[in-house]
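> Before I ask anything, here is the structure I am working with.
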Amino acid sequence: MESKVMQNELYDFATKIWSYNRSLTGSGVRETLAAIKLEVPTLQTRSYPSGLKVFDWEIPMEWNVNYAYIIDPDGNKICDFSTNNLHLIGYSESIEVDLQLSDLQAHLYSLPEQPDAIPYITSYYEQRWGFCISERQRQKLLEGIYKIRISTSKTMGTLDIGEILIPGADKKEIFLSTYICHPSMANNEISGITVNTFMAKYLAKRSNLRHSYRFVFLPETIGSITYIYHNLKKMKKNIIAGFNVTCIGDERGYSYLPSRARDTLSDKAALHVLENDYHGHKKYSWLDRGSDERQYCAPGIDLPIASLMRTKYGEYPEYHTSLDNLINVVTANGLMGGFDLLRKVIEVLEMNITARPKMLCEPMMSKRHLYPTLSTKSFHSDIRFRMNIISYLDGKKSLLDIANLLGKPIKFLYDEMLTLKEMGVVDF
Amino acid sequence: MESKVMQNELYDFATKIWSYNRSLTGSGVRETLAAIKLEVPTLQTRSYPSGLKVFDWEIPMEWNVNYAYIIDPDGNKICDFSTNNLHLIGYSESIEVDLQLSDLQAHLYSLPEQPDAIPYITSYYEQRWGFCISERQRQKLLEGIYKIRISTSKTMGTLDIGEILIPGADKKEIFLSTYICHPSMANNEISGITVNTFMAKYLAKRSNLRHSYRFVFLPETIGSITYIYHNLKKMKKNIIAGFNVTCIGDERGYSYLPSRARDTLSDKAALHVLENDYHGHKKYSWLDRGSDERQYCAPGIDLPIASLMRTKYGEYPEYHTSLDNLINVVTANGLMGGFDLLRKVIEVLEMNITARPKMLCEPMMSKRHLYPTLSTKSFHSDIRFRMNIISYLDGKKSLLDIANLLGKPIKFLYDEMLTLKEMGVVDF
Amino acid sequence: MESKVMQNELYDFATKIWSYNRSLTGSGVRETLAAIKLEVPTLQTRSYPSGLKVFDWEIPMEWNVNYAYIIDPDGNKICDFSTNNLHLIGYSESIEVDLQLSDLQAHLYSLPEQPDAIPYITSYYEQRWGFCISERQRQKLLEGIYKIRISTSKTMGTLDIGEILIPGADKKEIFLSTYICHPSMANNEISGITVNTFMAKYLAKRSNLRHSYRFVFLPETIGSITYIYHNLKKMKKNIIAGFNVTCIGDERGYSYLPSRARDTLSDKAALHVLENDYHGHKKYSWLDRGSDERQYCAPGIDLPIASLMRTKYGEYPEYHTSLDNLINVVTANGLMGGFDLLRKVIEVLEMNITARPKMLCEPMMSKRHLYPTLSTKSFHSDIRFRMNIISYLDGKKSLLDIANLLGKPIKFLYDEMLTLKEMGVVDF
């Protein structure tokens, strides 16, 4: 029931932010951050000026769109940005010109093999203008004069980043990143924004978090580079695990892409959940990467960031087209599944204590009523399970390591640890 | 021949200590230690008082039995402790009461699925009284009044431990533990007492031991905890390998249970012997443990103790019943096999030197007549074997490591080392 | 074409040195070194006196041969050393005696299973005289008196070693060893001398070597021991990789024998080449060793020396007989193949840089025109390859490690590194 309510909330939020014209910069980014802040008021935003050097990169001019459309020879308005922001290529220049169809063609982008899809195209680093259009519509264009009307601005503005910190008992942080630079596409990227926003909201209500949780919402690549540039020392000190959360709202599967180091706490926690609860999940390699983990795990940055996804970017046909929408690809149920995956991984991290017994040798269990008083031929498997856990509490293995050694979900071990702590047998 | 004499000695000793009423404490334990001392006069006994705190545990009251039996409605004495000490549950209270059969039933223990077996039951940590009886006999009990007569004592007494040290050239110790707390059961436990007693006797006669050997005979769990409590520092300093020796007198197989760390010298030596000489042996996991290795390998204790067994406790149907006797389960031949396994493992430890060549580069073998003087096309495999050993004497690999690298029994390598030492090629 | 010229040069050189009477010492060794010096004038020779103690060994007397033959009962000269130096056993004593055939037999060596082969026999460390003869010829010997005429000398002379250093930018050395102690046999050993001589000549012409290259030409075993005795400290300091080059002139295959440590740079470089370019190559084990790697990798010497071969000594029927010649076994094409294998391994070592990116996070590729400016749905695999390399430049992995991670030949990665260096993205 609660889950039903929640999945509708997720879906409604996704629908709400659908049409904002996100790009590397601009008002669509700020509208998106404002929508998140309505859900999680502790969101902080930070703005970095165009032209700022960040490592090898430079923050670009801020791009905004007033209008963009074409008037066809019959006087119809086509490729109208106000109808679908994918029609205009990202960072398109302004232009006002009348062209023959044959001259227009070089500025049109379509996908012959997906005739109903408007492709998603950007040209951040070279000046261009152009429209994206479905192949089917393009085929119907008649000869004649087309009036091209694009009014955009590139100004010295800002790149905007949102950040939420949910403090826990421990200053060590779990870092959750998603990006906010794609216009109207659902799985890549609205699903990530939605799941992370509601995860922050969910964690903010919990009073007993062991770790702190930091969420960042930033434009892909230039945003994570800007963020790292300003926070690297603190990140290296505090982050013990983290995920790039993306493409997490469809119903087609679950998948995981490792950190570069491959065996960090993030990787272990994700794999523990996937291997215990998600039969048929897909494992990618570091060589399949393609999002902000490229920066978080770059040489010298070396953060333990893996990726959690449902169907990975580039691996579904609707990817980077207008077909990646809230009907074909992303659903309320799909978003809820993504949320649950992330929640389970977070629970593993919360439960991953490193406990020690309070005494040398085995504790005496019968005096604590944790052991039958009558010794017979048989031995209960739950008692054996408990003693097995205790036998591995050497201070080097975390509970997750022990769960994997015993081939059991960490939850079962954690419940035992709570009992054993209450009984004075272990400490953590 | 000698082996035939010896296996009879082993069997006679097992028969002799069969009927002593061993428990955690009491006169049966002391009788057992006295019997061992007759074989190995250097046995030292140590007594620890009831009530002494040892880590999380406390040494229990000393329990002794005067008599225990039931008079049935026909006046027959049944469940007589003096006939079979398994009839009385361990640490039973005294009682003198007459009961209807229906009231007696709650105090009777039998095994419906093994109708001829008297089960072995204890209640160390909760006050109870009761009798163990075969299911077949139980089914024949008639309605009527039963006279229950149990006279036992629980007093402030002692827990008794026996210890034998066989000193070798090296203060480093091989630690051999077995337990002395089960009444009349043969494989679990008389076989362990027997094999360790005669191994101590055997080693005491050898004049050239490289390592020292320490044998302990103690009640399971509370005994090893008490021993560790008083000796931990010394144990951690001196013990380089060791075994819990138990269930080692049957003829059904050979088995091994690793130390918690899994790759200690004990594990390597045991596996070397088993893999070279015992096809079809069984390997258990640490998760199958159930005896004093639980304490020796507990977190913070961390001793390199593995278990050597023939058929493991819990893995044969007669386990913890009156059927685990010197006819059905344990035999003279079975005990001798157990003794031989342990002796072979000890030999491996004795041979496991770490030698160095006395010169850089290969030694010149022909001047020592260890090499043919005529160089032809073929090359003898025994010379190659010798040179292979020398090539691995890097001071990091022990002879056991090299034996495993070469896939040969360590004995073959050790013989070469003796020759090479005599020839002045290596030193150890 | 150039390759055709070169393989003829290799073969001509092999033919030239074919008949020199190489042994542990003597004029044949010096003639061979003189022939090498004609090709590589920077060759240095060093002479060590007979009787010098080198570790456990002693440099033997210098052995030279004036003549050696037998006059058969019919007056024919047979087993004439001047026709084939294999006829005389190595280090044979002088003798002038007339013997009945039956008395001569004990001094004749032949191979019944290879009736046309003259075997190769030596007796370095015990005084003997004797002749090697084909089984076919031996069977035809008639009864009668045979005149044995052997005139050899054993004098206080020298053991001679040749050495070439090709200096590179780095003082760290690649060490290439071959032996010069076998008389007229082609694969074992003329092929090694030939390939190493022409590799030194080839490298001496290159102006841009990263590493230094040291070639040694020495009698097997006693020569390498003598060399190590005088140079160990320097060798341990400078040598980063190296190979014993032997049996490298036939056309039957390619093979590799690891260093004792098995995972040195030498092993990695050799395996990278063999696994990428030589399908069907053969891998031997350290236990199959039989040449100077026995000394270079001995405990306490511990140099990273592996062996590169075509068909390994002992693994082809002509080995250590007169059939191992420049017709049956070694060919111009076979020598060229051996040269190419060694050259490729050297190229891997030259390319095996450890580079770092010059910036944190990913470099911005589009501003350097290393990235398309239009971001579409597809992503070029060559760009991905480039970014994959950069993502692994953590300063710990060498380019060879990264090539193996990516499953590509290092050449492809090295070409990328040159571009990236030129673009200012990486430094090495």
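Protein chains in written order, with the working numbering: chain A, 1 to 428; chain B, 1001 to 1428; chain C, 2001 to 2428. Beta carbons are placed, not taken as given, at the ideal position from N, Cα and C, and that holds for glycine. The structure displayed is predicted, hence computed values, not measured ones.
(1) Output the residue ranges of the alpha helix (DSSP H) runs that lie fully inside the stretch 207-271 of chain A and measure 4 residues or longer, sorted by chain position.
(2) With distances taken from CA atoms, which of A:Ala169, A:Met199, A:Ala270 and A:Lys154 is nearest A:Pro60?
(3) Could you check which residue in A:Tyr120, A:Met364 and A:Met387 has the C-alpha nearest to that of A:Asp324?
(4) Taking the beta strand (DSSP E) that A:Leu176 belongs to, which residues open and close that run?
(5) Please work out which residues of its chain come closer than 8 Å, Cβ to Cβ, to B:Thr1015, disregarding the five sequence neighbours upstream and downstream, and give them in chain order.
(6) Ends of the alpha helix (DSSP H) at C:Ile2390?
(7) What residues from chain A crowd round C:Asn2388, counting only those whose CB sits closer than 7 Å?
(8) Near C:Leu2142, what residues of its chain come up, given a Cβ to Cβ distance below 8 Å and the 5 sequence neighbours on each side ignored?
(9) What does A:Phe55 reach in chain C if we use C-beta pairs closer than 9 Å?
(10) In the DSSP assignment, find the beta strand (DSSP E) that holds B:Met1309 and state where it starts and stops.
(11) To the nearest angstrom, how far is it from the Cα of B:Lys1233 to the Cα of A:His272?
(12) DSSP three-state call for A:Trp18: helix, strand or coil?
(13) Taking 7 Å as the cut-off, is the beta-carbon of C:Thr2015 closer than that to any non-hydrogen atom of the ligand FMN?
(14) Sorted by chain position, which residues of the same chain lie with C-beta nearer than 6 Å to C:Trp2280's C-beta, five sequence neighbours on each side aside?
(15) Taking only three categories from DSSP, how would you classify C:Ser2153?
(16) Please report the straight-line C-alpha distance between A:Lys312 and A:Leu342, rounded to a whole angstrom.
(17) Taking the beta carbon of A:Thr158 as the centre, do at least 16 other beta carbons fall within 10 Å, making it buried, or is it exposed?
(18) Is the stretch 1125-1142 of chain B close to the stretch 1337-1356 of chain B, with three or more CB pairs under 8 Å?
(19) Exposed or buried, C:Asn2388, counting other C-beta atoms within 10 Å across all chains shown (16 or more means buried)?
(20) For C:Phe2215 versus C:Ala2204, is the C-beta distance shorter than 8 Å?
(21) Using a Cβ-Cβ cutoff of 8 Å, what residues of the stretch 2290-2321 of chain C are near chain B? List them in chain order.
(22) If you check the beta carbons only, do A:Tyr284 and A:Tyr254 fall under 8 Å apart?
(23) With a threshold of 8 Å on Cβ separation, who are the neighbours of C:Phe2198 within its own chain once the five nearest residues in sequence on each side are excluded?
(24) Taking only beta carbons into account, state which residues of the stretch 2248-2272 of chain C come closer than 8 Å to chain B, listed in chain order.
(25) Compare the C-alpha of C:Arg2384 against each of C:Leu2413, C:Asp2394 and C:Asn2196 and name the closest.
(26) In the DSSP assignment, find the beta strand (DSSP E) that holds C:Gly2162 and state where it starts and stops.
(27) Any beta-carbon of chain C closer than 8 Å to the one on B:Asp1394?
(28) Check for me: the beta strand (DSSP E) holding A:Thr197 runs from which residue to which?
(29) Could you give the residue range of the alpha helix (DSSP H) that holds A:Tyr414?
(30) Which stretch, first to last residue, makes up the beta strand (DSSP E) that contains B:Leu1099?
(31) Could you tell me whether the Cβ of C:Lys2004 comes closer than 8 Å to any Cβ of chain A?
(32) Starting from B:Asp1427, follow its DSSP beta bridges and name the residues at the other end.
(33) With a cut-off of 8 Å, does the C-beta of B:Ser1123 fall near any C-beta of chain A?
(34) Can you grab the Cα-Cα spacing for the pair C:Val2245 / C:Pro2258, in whole Å?
(35) So, under 8 Å CB-CB, C:Trp2129 and C:Glu2093 are touching, yes? Tell me the CB distance rounded to an integer number of Å.
(36) Is the stretch 1183-1195 of chain B touching the stretch 1040-1060 of chain B in the sense that three or more CB pairs, one from each, lie closer than 8 Å?
With the given structure in hand:
(1) Restricted to the stretch 207-271 of chain A, the alpha helix (DSSP H) segments that are unbroken, complete and at least 4 residues in length are 222-238, listed in chain order.
(2) With distances taken between Cα atoms, A:Pro60 lies closest to A:Lys154.
(3) Taking only the C-alpha atoms, the option nearest A:Asp324 is A:Tyr120.
(4) Following the DSSP letters along the chain, one finds A:Leu176 inside the beta strand (DSSP E) bounded by residues Glu173 to Tyr179.
(5) Excluding residues up to 5 positions away in sequence, Leu1326 lie with their Cβ nearer than 8 Å to the Cβ of B:Thr1015 in the same chain.
(6) Element bounds for C:Ile2390: Ser2381 to Ser2391.
(7) Residues of chain A passing the Cβ test: Leu287.
(8) Excluding sequence neighbours, C:Leu2142 sits near Asp2072, Pro2073, Asp2074 and Leu2101.
(9) Within chain C, the residues near A:Phe55 are Met2359, Leu2360, Cys2361, Glu2362, Pro2363 and Met2364.
(10) Where B:Met1309 is concerned, the enclosing beta strand (DSSP E) starts and stops at Ile1305 to Met1309.
(11) So the two alpha carbons sit approximately 38 Å from each other.
(12) A:Trp18 falls in the coil class under three-state DSSP.
(13) Absence of the ligand FMN is noted for the structure shown, with no ligands found whatsoever.
(14) According to the sequence displayed, residue 2280 of chain C carries Gly and not Trp. Once the five neighbours on either side are set aside, C:Gly2280 has no close Cβ partner at all.
(15) Three-state result, C:Ser2153: strand.
(16) It is roughly 15 Å from the alpha-carbon of A:Lys312 to the alpha-carbon of A:Leu342.
(17) So A:Thr158 counts as buried.
(18) Contact fails: fewer than three Cβ-Cβ distances are below 8 Å.
(19) By the 16-neighbour rule on beta-carbons within 10 angstroms, C:Asn2388 is buried.
(20) It is not a contact, given that the beta carbons lie outside the stated cut-off.
(21) If the cut-off is 8 Å between Cβ atoms, the stretch 2290-2321 of chain C has Gly2290, Arg2294, Gln2295, Cys2297, Ala2298, Pro2299, Gly2300, Ile2301, Asp2302, Gly2314, Tyr2319, His2320 and Thr2321 near chain B.
(22) The answer is no: Cβ separation not under 8 Å.
(23) Excluding residues within five positions, the ones whose Cβ falls inside 8 Å are Met2006, Glu2009, Leu2010, Phe2013, Glu2039 and Phe2339.
(24) Of all residues in the stretch 2248-2272 of chain C, those with a C-beta nearer than 8 Å to a C-beta of chain B are Arg2260, reading in chain order.
(25) When each option's Cα is compared against that of C:Arg2384, the closest is C:Leu2413.
(26) Element bounds for C:Gly2162: Thr2158 to Ile2166.
(27) At least one CB atom of chain C sits nearer than 8 Å to the CB of B:Asp1394.
(28) No beta strand (DSSP E) contains A:Thr197, which is instead part of the alpha helix (DSSP H) from Gly192 to Ala204.
(29) Residues Ile410 to Glu422.
(30) First-last of the beta strand (DSSP E) with B:Leu1099: Ile1095 to Gln1100.
(31) For C:Lys2004, the closest Cβ of chain A is not nearer than 8 Å.
(32) Assignment of beta-bridge partners to B:Asp1427 by DSSP yields B:Arg1356.
(33) At least one chain A Cβ lies under 8 Å of B:Ser1123.
(34) About 12 Å.
(35) Contact between C:Trp2129 and C:Glu2093 holds: CB atoms are separated by about 4 Å, below the 8 Å threshold.
(36) With contact defined as three or more Cβ pairs closer than 8 Å, the stretch 1040-1060 of chain B and the stretch 1183-1195 of chain B are not in contact.
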